[in-house]
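Okay, structure first, notes after.
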Amino acid sequence: MDASEHIRTEPPARAWDELNREWLIAAIARLRERIEAGNGRAEHPTDCIVATAANGFLPALTGLAAAFGLSPFERELLLLMAGLELDQRLRETFARFTGDAAARATFGSALALLVSPHWDALSPQAPLRHWHMVAPELASVLMLAPLRLDERVLHFVAGIPASDVILAGLVTHHGDGHTEPGNLPLARRIATAIAKRAIIVLDGGADAERRDQVLAAVTTYGMGTLWIDAGDLPGDPEMITVLARHLDREVVLGKAVPILNVTDASARSAKALASRMTAGTIWLGENAPELDALAGGRVVLRFELPATGATSTRAALLARCCDTCGRDAATEAELERAAQHFRLGRSAIDSVVEAVGAAEPSARADAVWPAARAAARGGLDGLAQRILTRASFDDIVLPSGQTAMLRNIARQLRHRERVYRDWRFGEKYQLGQGLVALFAGESGTGKTLAAEAIANEAGLDLYRVDLATLVSKYIGETEKNLKRLFDVADSSGAVLLFDEADALFGKRSEVKDSHDRYANIEVAYLLQRVEAYRGLAVLTTNMKSALDRAFLRRIRFVVNFPVPYAAAREQIWRRQFPPAAPLGKIDFKALARLNICGGNIRSIAVSAAFKAADAGRAIDQALLMAAAHEEFAKLERSMGGDRGRTA
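Just add 8 to wherever you are in the sequence shown, counting from 1, and you've got the working numbering.
In structure tokens form, the structure reads like this:
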């Protein structure tokens, strides 16, 4: 006999969800058998819930009962209601016993069937209703009211991964999926404080890197996280109380830690939520000294979050790229430049390293900036329209003063981090660091083209913000939408283009009713966010007088785009045709006498090109004049006789 035949092998460990499913099926079967046997009315019926702790296995229902302090009657009531949802045979047996064809559990039937019944199990202060596990439907008599089992609790008992529908849209779940350990000292302190149900205050904003840092610290100890942007919290105190109760419950069910991302504007709602919760909570944002009075007896601890920003991003990028690609002075210089401008989290750094590593050795330095720009976009593509920037300053026809101002904007945008951070001007002048430009002029005078040129010169993305998706008639929604936009855009430092900004940044009105008051609050919030934005915000308008004067005072650059004069129009005409376009005889001086803007000139040139393609001929004066007639008709203007014709 072979020696290997004497080796005793252990069967493979079975998954917890499989064991839990088998246990639940057996417990429901025992309950059904007891009802069929008519033992429900016995003085001491057998408890159908038997905890099986063999091999460390603990059923979900048993763990739930222990965590929330449920009595044997309360935990068996949950078993009954879960069984009625999951088991057809139990529904049939229960329907025969109660005479209710719908097989709906009531408090009266539970008192008659289950072990150790007690009346106060369904009081509002008892665990089942306090934690919103079971709710009676409205009825005149509580004993006869059908009971409803919370869907999150049902899925938990069944061992099915699920989320709480009450928290949907408010809470972002993060599991323990971080492959790299977080800051271990910080993780240990957080784990200890969470066990004591403390409120942990981590001062500072939640940029992408700080966010990743906190998530990594929490998940290092195997805990999930419940990320809550406090700006999304409702203002209704009753709803805040409901959310607090469900968050506390989710902490137990999901083994997770709530993280409140707080700004100055959302601090009030965040304090209201934190004061109503009982679980340990992380407060990430501005310092909140008032929490000591609102903590309800809980300890408030303030931890210093290790410094983040360009220095740590640069170190991570250099280390990862050097491991992958080796050391290269040109690549390292580009990595440092990218780290100064973009706020790159863990996954973004991975994307940059992958892109740089995939490039040819001679092209790695050139690959850094585009890779970092793409990685830093985050979810901005879902909030605004990205515009491909092909225009340069050579494509712009403006007076020399306006052109110089546009180049100055690009210069400040390109060197902003060096001046404010490296040279410490940001410490000396903390206010007014926002880069905001107003482009004012009639439609078609080149405002969007100028924004493209600036973004292209600085090597940044340009996003056009659709005001229709931001402005809401519901109070507070506009601010929430803008907050979401600026929070995401901060990581990339992209150029944000607000077309027709007078519709959004208009004059604050005299307060006559609540609508005026909230409209003015919107404008004030916009002033604050635009001024604090670390990239460039470009506002365009053809009605400069409609903008709020307080807003104008906070704008660094105001560039007026005039209607082009004849010489400028001639330059614009000459720049409309690509080298591959077939051109016939064109009188550019005659065309320049047409008093129109650059946008209209572009439309005429494109329309004439299509006419030429259809006729199989070159683009000439006749086709351009025909397209011009159509454009002027669209504008409801006269071309002014025979101007533009050639002899």
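All C-beta atoms in this analysis are idealised placements derived from N, C-alpha and C, irrespective of residue type, glycine included. The structure displayed is predicted, hence computed values, not measured ones.
When burial is assigned at 16 or more other CB atoms within 10 Å of the CB, is residue i buried or exposed?
| i | result |
| --- | --- |
| H126 | exposed |
| I404 | buried |
| P135 | buried |
| T477 | exposed |
| T180 | exposed |
| L643 | exposed |
| V426 | Note that residue 426 is Arg in the sequence shown, not Val. Classification of R426: exposed, given that the 10 Å Cβ count is below 16. |
| H254 | buried |
| S124 | exposed |
| S500 | buried |
| P586 | exposed |
| A113 | buried |
| K488 | buried |
| A589 | exposed |
| V307 | exposed |
| E258 | buried |
| R104 | exposed |
| R645 | exposed |
Specify the secondary structure class of residue i as computed by DSSP and reduced to three states.
| i | result |
| --- | --- |
| P266 | strand |
| H181 | strand |
| R645 | coil |
| A545 | strand |
| Y229 | coil |
| Y573 | coil |
| I627 | strand |
| F640 | helix |
| V3 | The chain is shown only over 9 to 655; residue 3 falls outside these bounds and no answer can be derived. |
| P169 | coil |
| D524 | Low confidence applies to D524: its pLDDT is 46, below 50, so where it sits in the model is not reliable, and the reading given next is rough at best. It is helical. |
| A635 | helix |
| D237 | strand |
| A203 | helix |
| L602 | coil |
| R156 | strand |
| A589 | coil |
| A445 | strand |
| N550 | coil |
| G293 | strand |
| L66 | coil |
| V250 | helix |
| V161 | helix |
| L309 | strand |
| I208 | strand |
| L130 | helix |
| E470 | Contrary to the premise, residue 470 reads as Leu rather than Glu in this sequence. Correct three-state label for L470: strand. |
Between residue i and residue j, is the Cβ-Cβ spacing less than 9 Å?
| i | j | result |
| --- | --- | --- |
| A373 | E342 | yes |
| N603 | V566 | no |
| A118 | F81 | yes |
| A153 | F115 | yes |
| I395 | A463 | yes |
| L157 | A90 | yes |
| L98 | I168 | no |
| R381 | F350 | yes |
| A630 | S615 | no |
| L241 | L281 | yes |
| V546 | V503 | yes |
| L121 | L78 | no |
| L309 | G293 | no |
| I207 | G262 | no |
| A278 | W291 | yes |
| A195 | V173 | no |
| A399 | L446 | no |
| V473 | Y541 | no |
| L352 | A497 | no |
For the alpha helix (DSSP H) containing residue i, name the first residue and the last one.
| i | result |
| --- | --- |
| G116 | 115–121 |
| I36 | 24–44 |
| R284 | 275–284 |
| V496 | 485–500 |
| P144 | From DSSP, P144 is part of no alpha helix (DSSP H) but of the beta strand (DSSP E) over 142–144. |
| L86 | 80–94 |
| L505 | Not the alpha helix (DSSP H): L505 falls in the beta strand (DSSP E), residues 503–506. |
| L136 | 135–138 |
Check for me: the beta strand (DSSP E) holding residue i runs from which residue to which?
| i | result |
| --- | --- |
| I594 | Per DSSP, I594 belongs to no beta strand (DSSP E) and is neither H nor E. |
| A338 | Where A338 is concerned, there is no enclosing beta strand (DSSP E), although the alpha helix (DSSP H) it sits in stretches over 337–349. |
What are the uninterrupted segments assigned as alpha helix (DSSP H) that are 4 or more residues long and contained completely in the segment 357–426, given in chain order? Qualifying alpha helix (DSSP H) stretches, in chain order: 372–383, 408–422.
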